[in-house]
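The listed protein sequences correspond, in order, to chains E and W. Following this note's numbering, the numbering of the first sequence begins with 1 at its first residue and continues without gaps. Following this note's numbering, the numbering of the second sequence begins with 1001 at its first residue and continues without gaps. Built from N, CA and C at the ideal position, the CB exists for glycine as well. Treat the numbers as computed from the prediction; the structure is a model and nothing was measured. In what follows, a structure is listed as structure tokens, so that the remarks can point back to it.
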Amino acid sequence: GIQVEQSPPDLILQEGANSTLRCNFSDSVNNLQWFHQNPWGQLINLFYIPSGTKQNGRLSATTVATERYSLLYISSSQTTDSGVYFCAVASYGGATNKLIFGTGTLLAVQP
Amino acid sequence: EAGVVQSPRYKIIEKKQPVAFWCNPISGHNTLYWYLQNLGQGPELLIRYENEEAVDDSQLPKDRFSAERLKGVDSTLKIQPAELGDSAVYLCASSPAAVGRTEAFFGQGTRLTVV
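Now the structure itself:
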């Protein structure tokens, strides 16, 4: 099945700093989503981005499907950005018609 | 528009007892998923429904886990009997169509502790 790797596994930032999180996947996909899991366990949708670039406020994401990776950029980080960031991919049809998650990046933003 | 609603949020039970989780997906979403998330890991699929049909239950431990989605809307996931290793977060998600083509949305999850 598709393998999803995220890096770095852990990241500590000072408030106001910028960061880049990476997601590599082992096969072609039709769906890629970035989630933020807050301290209460809720998975918050950040981006639905099978390809291309999107921006939402201080966050932006880029997926290069042909090279099988995606990047999540966080600018001017805030303490509320703390939590785990997950990348998840899916392919349409067959046994892979489900979201497969990476192991996540644990982000801690210090004041 | 309401998101995916799960209940209860937290559940503590003794081992060998039964437990059930409930999920109400986003209105109009035909596809419903139950995921299991162990501490420090990403969620993993237990079962996927297309309307009322379970189309992928290969990862569901059928000796103790069961699920149903009556009328293709709400769903329940049951464990009987629960074991200590079942302590985890159980997440429900829904999408308008197959997740390979559309975006999925998750509920707040049920945190189960088996003692």
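Restricting attention to W:Lys1016, W:Gly1109 and W:Tyr1033, the CA atom closest to the CA of Leu43 of chain E is found in W:Gly1109. Within the same chain, Ser1094, Ser1095 and Pro1096 come within 7 Å of His1029 of chain W by CB-CB distance, once the 5 residues on both sides are set aside. Here Ala61 of chain E carries a strand assignment [DSSP, helix/strand/coil]. Under the Cβ criterion of 8 Å, Pro1008 of chain W is not counted among the residues facing chain E. Annotation for Thr62 of chain E: Thr53 and Leu71 place their beta carbon closer than 6 Å to its own, counting only its chain and skipping 5 residues before and after. Contact annotation: Ser82 of chain E and Ala65 of chain E have beta-carbon atoms that are not nearer than 8 Å. DSSP places Ala1067 of chain W in the uninterrupted beta strand (DSSP E) bounded by Phe1065 to Glu1068.
Residue burial is scored here from C-beta neighbours: Pro1061 of chain W has fewer than 16 other C-beta atoms within 10 angstroms and is therefore classed as exposed. By the Cβ-count criterion, Tyr85 of chain E is buried, with 16 or more other Cβ atoms from all chains shown falling within 10 Å of its own Cβ.
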